[in-house]
Amino acid sequence: MPELPEVETTLRGIAPHLNGRRIVNTIVRQPALRWPVPADLAKRLNDQLIGACSRRGKYLLLEVGAGHLLMHLGMSGNLRLVPDNEPLGKHDHVDIILDKAGAANKRLTLRFTDPRRFGAVLWVNGEPGEHKLLKSLGPEPLGELFTPEYLYRRSRQRKVPIKSFVMDSHVVVGVGNIYANEALFRSGIHPLRETGRISLARYQVLCEAIKTVLGEAIEQGGTTLRDFVGGDGKPGYFKQQLTVYGRGSEPCVRCASTLREVRVAQRSTVYCVRCQR
DNA sequence: ATGCGGACCTGTTAGC
DNA sequence: TGCTAACAGGTCCGCA
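Under my numbering, read the first sequence as residues 3 to 279, first letter to last.
Following this line, the structure appears as structure tokens:
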């Protein structure tokens, strides 16, 4: 589920309903996520007001009192606002119950669901930027710090395939497997090309492709926003026009050559032998 | 520092 | 139809 556009869509969907709301109760049904959910989470959250909601890479941050709730959706997680009569699912691990508010004066629950449990729900005291998980993350792909010059500088002497490089969160955050495949196709760069042997001119194309592909996906994710509360919450990014991901052995949309699928660092990698060099 | 493989989980699908 | 293996949108960690 969660690539960066999904996380951003989640944030945009929940943030307006959370800001200024008071947490009345916290229920942890399954603390065994990627890391244990802190045993004192309820004590930290209950009776506190939620402040600013933000995102760093694929990590979501909710300001609560003097600290922050830090969450990650892993491979299969989602975070939704549900009405208080919403039936409980098998993988609904954490509920954060909010006070009644708003025009409808309805009680809402922020529900963290994650079948594979690769996600995380953590508590951070003080400044989240200093937290171990966030401290050495690379720039935001849609931000001003993510430039061709930055990519070029960081890439020198590096031997890894370019696909692994752009998926490294210490280089740039938020480029997951789907969009790494898509951005490389749009750039005409072979996913296995050695990172240190790519010119600045090609990094200009790649940088732009990453920004474009993520930006377009976020726009599409926005179509599900209005139904986010109380709706089915199903993200709509699978509607996205994917040109290579999941299309191994199918024809290239540009040249009709058969797309090749290989594994790079254990991840499914699809590319066009003719268009990508 | 860099690169690599393993680890964490469950659900779905492909193959026999 | 039923069993088993492979694979899935992430990314941290330990080791060489």
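C-beta atoms are modelled at their ideal positions from N, C-alpha and C, and glycine is treated no differently.
From a predicted model like this one, the values you see are computed outputs, not experimental measurements.
Beta strand (DSSP E) segment containing residue i, residue limits
i, result
"GLY53", "52–58"
"ALA219", "Element bounds for ALA219: not the beta strand (DSSP E) but the alpha helix (DSSP H), 202–223."
"SER189", "Note, SER189: premise wrong, no beta strand (DSSP E); alpha helix (DSSP H) at 179–189."
"GLU263", "262–266"
"LEU110", "110–115"
"ARG269", "269–273"
Residue i classed as buried or exposed, judged by whether at least 16 other C-beta atoms fall within 10 angstroms
i, result
"PHE148", "buried"
"HIS172", "exposed"
"GLY176", "buried"
"VAL123", "buried"
"ALA267", "exposed"
"ALA219", "buried"
"GLN278", "buried"
"GLU5", "buried"
"SER138", "exposed"
"PRO193", "buried"
"LEU47", "buried"
"ASP234", "Reliability of the predicted coordinates at ASP234 is poor, the pLDDT of 47 falling under 50, and no value is obtained from them."
Test item: CB-CB of residue i and residue j under 8 Å
i, j, result
"GLN32", "HIS95", "yes"
"ARG109", "ASP86", "yes"
"TYR205", "PRO253", "no"
"ILE16", "LEU81", "yes"
"ALA103", "ARG23", "yes"
"VAL215", "GLU184", "yes"
"LEU63", "TRP125", "no"
"VAL246", "SER259", "no"
"THR197", "VAL174", "no"
"GLY53", "GLU65", "yes"
From the options, residue whose alpha carbon lies closest to that of residue i
i, options, result
"LEU272", "PRO143, ILE180, HIS70, GLY53", "Residue identity differs from the one stated: residue 272 is Val in this sequence, not Leu. Minimum Cα distance to VAL272 is reached at ILE180."
"ARG265", "VAL174, LEU202, PHE120, GLY250", "GLY250"
"ASN21", "LEU100, GLN222, LEU144, THR115", "LEU100"
"LYS92", "LEU83, ASP116, THR111, ALA103", "ASP116"
"SER201", "ILE52, LEU216, ARG155, ARG269", "ARG155"
"ALA105", "SER270, PRO141, HIS19, GLU221", "HIS19"
"SER189", "ILE164, VAL174, ARG118, ASP170", "ILE164"
"CYS209", "LEU47, PHE187, GLN222", "PHE187"
"GLN50", "ASN27, SER166, TRP37", "ASN27"
"ARG118", "LEU135, MET77, THR111, GLY178", "MET77"
"GLU142", "LEU153, SER270, HIS133", "LEU153"
"PHE167", "SER270, GLU221, ARG195", "ARG195"
"GLY248", "LEU35, PHE120, SER270", "SER270"
Endpoints, the alpha helix (DSSP H) within which residue i is located
i, result
"ALA122", "Note, ALA122: premise wrong, no alpha helix (DSSP H); beta strand (DSSP E) at 122–127."
"HIS19", "6–20"
"PHE167", "164–168"
"TYR152", "150–157"
"LEU135", "134–137"
"ARG46", "43–47"
Report yes or no: do the segment 129–142 and the segment 59–74 share at least 3 C-beta pairs separated by less than 8 Å? Cβ pair count under 8 Å is three or more, so yes.
Would you call the segment 50–62 and the segment 8–16 in contact, with 3 or more CB pairs under 8 Å? The segment 50–62, when compared against the segment 8–16, does touch it at the 8 Å Cβ threshold.
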